[in-house]
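Student: Take this structure first; my questions come after.
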Ligand code: DGL
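As structure tokens, this is what we get:
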């Protein structure tokens with residue numbers, strides 16, 4: 168059985184998932200977070216489903232070993248191809264949450280939306296997971312997906328809110344696939360950092376849905392309904408990576424507003 172005092176485990180292919188950790192800590196400041204970024208295997212967007220499933224299983228066991236009450240898959244690619252493995256690993260020990268279902272649920276609240284666009288990594292788009300889930304929950308909607316593989320590395324290199332990033336973003340958003348959309352799902356951990364630039368492009372005509380915020384709401388809802396919300400944070404957040412470099416620690420600051428220290432934990436050594 169889980170208890171309120173246990174931490175929330177969060178993992179991603181790297182440090183981009185810190186956008187989800189940040190949304191969760193803002194909404195639920197009493198929760199303690201244990202974060203794992205699989206920097207040794209980054210990016211997941213280009214990996215096979217089999218490899219990602221193997222990594223996801225190992226990380227889930229690590230987070231369970233850290234006594235987490237919940238495992239949040241803060242990576243769209245891993246949520247798309249490895250959520251079943253995470254669910255199996257969690258069993259009755261922890262609550263598994265993915266980044267896809269919460270944002271798809273949010274769509275139900277957008278009365279004026281008829282056509283939804285999704286931007287994500289190549290691997291996420293290749294699974295068509297968003298379209299499948301959108302059509303299952305909202306069969307009246309049209310859905311279209313576009314792989315935008317340059318965006319994640321661009322952001323990691325610090326290119327956002329400048330002319331170069333706006334040019335790259337504009338050229339992706341101008342693609343035919345995204346014509347006449349009413350809403351756009353930012354289906355990659357990194358994209359909250361370019362939300363403003365995406366909004367600038369659409370000038371308020373398209374509703375932008377950020378999965379980090381939707382996930383934080385889903386975490387709150389799950390913990391509340393299971394009476395597992397912590398009333399008081401005990402102890403510090405912990406941040407682990409499977410391969411430490413100074414550059415990862417610096418980039419982490421882009422995604423998480425507090426000074427954090429990454430600890431190396433190679434689960435596959
Ligand atoms: N975290 C990944 C995602 O949300 C993006 C980075 C990667 O390809 O690993 O899809």
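Numbering (the working numbering), first residue to last: 168 to 436. Cβ coordinates follow ideal geometry from the N, Cα and C atoms, glycine included. These figures come from a predicted structure and were not determined experimentally.
1) Hey, how far is the Cα of residue 424 from the Cα of residue 313?
2) Quick check for students: name the residue ranges of the beta strand (DSSP E) that lie wholly in the region 221-264, counting only runs of 3 or more.
3) Can you list, in chain order, the residues of its chain whose CB lies under 7 angstroms from that of residue 321, leaving out five sequence neighbours each side?
4) Would the region 387-404 and the region 353-368 be scored as touching if the rule is three or more Cβ pairs under 8 angstroms?
5) Please tell me whether residue 133 and residue 226 are closer than 9 angstroms, where the distance is taken between their beta carbons.
6) Using three-state DSSP, classify residue 412 as helix, strand or coil.
7) Could you tell me whether the region 186-198 touches the region 213-233, where touching means 3 or more Cβ pairs closer than 8 angstroms?
8) Shortest alpha-carbon distance to residue 369 belongs to which of 288, 339, 246, 182?
9) Suppose you measure from the CA of residue 266 to the CA of residue 375; what does that come to, to the nearest Å?
10) Per DSSP, what kind of secondary structure is residue 338 in: helix, strand or coil?
11) Could you tell me if the beta carbon of residue 300 falls within a distance shorter than 8 angstroms of some heavy atom in ligand 1?
12) Comparing C-alpha positions only, which one of 305, 220, 189 sits nearest to residue 270?
13) Taking the alpha helix (DSSP H) that residue 311 falls in, what are its first and last residues?
14) Using DSSP's beta-bridge definition, name the partner residues of residue 374.
15) Using DSSP's beta-bridge definition, name the partner residues of residue 406.
16) Whole angstroms are fine: how far does the CA of residue 277 sit from the CA of residue 214?
17) Taking contact to mean 3 or more Cβ pairs, one atom from each stretch, closer than 8 angstroms, check whether the region 281-292 and the region 254-265 are in contact.
18) In terms of residue numbering, what span does the beta strand (DSSP E) encompassing residue 283 cover?
19) So, using beta-carbon positions, are residue 137 and residue 182 closer together than 9 angstroms?
20) Starting from residue 178, follow its DSSP beta bridges and name the residues at the other end.
21) For residue 188, is the classification buried or exposed, using 16 other Cβ atoms within 10 angstroms of its Cβ as the cut-off for buried?
22) Can you tell me which of the three DSSP states residue 430 falls into?
23) Output the boundary residues of the alpha helix (DSSP H) element that contains residue 369.
24) By alpha-carbon positions, which one of 236, 237, 264, 233 ends up nearest to residue 243?
25) Among the residues of its own chain, which have a CB less than 7 angstroms from the CB of residue 219, if the five just before and after it don't count?
26) For ligand 1, I want to know if residue 215 counts as a neighbour, meaning its beta carbon is within less than 8 angstroms of at least one of the ligand's heavy atoms.
27) Under the assumption that residue 350 contacts residue 280 (Cβ atoms under 8 angstroms), give the Cβ distance between them as a whole number of angstroms.
Tutor: Considering the structure as presented:
1) C-alpha separation (whole angstroms): 29 angstroms.
2) DSSP assignment within the region 221-264 yields the following whole beta strand (DSSP E) runs of 3 residues or more, N-terminal first: 235-240.
3) For residue 321, where only same-chain residues beyond five positions count, the Cβ hits under 7 angstroms are 332, 335.
4) no
5) Outside the shown range of the chain, which is 168 to 436, sits residue 133, and nothing can be said about it.
6) coil
7) no
8) 339
9) 16 angstroms
10) helix
11) False, no ligand heavy atom lies under 8 angstroms from that Cβ.
12) 305
13) Note, residue 311: premise wrong, no alpha helix (DSSP H); beta strand (DSSP E) at 309-314.
14) In the DSSP secondary-structure assignment, residue 374 is bridged to 350.
15) 202
16) 33 angstroms
17) no
18) For residue 283, the uninterrupted beta strand (DSSP E) run begins and ends at 282-287, by DSSP.
19) Here the chain covers residues 168 to 436 and nothing more, so residue 137 does not appear.
20) Beta-bridge pairing links residue 178 to 203, 240.
21) buried
22) Residue 430: strand per DSSP, three-state reduction.
23) 362-369
24) 264
25) If we look at residue 219 and ignore the five residues flanking it on each side, its Cβ neighbours are 211, 244, 245, 248, 249.
26) no
27) Cβ atoms of residue 350 and residue 280 come within 8 angstroms of each other, at about 4 angstroms.
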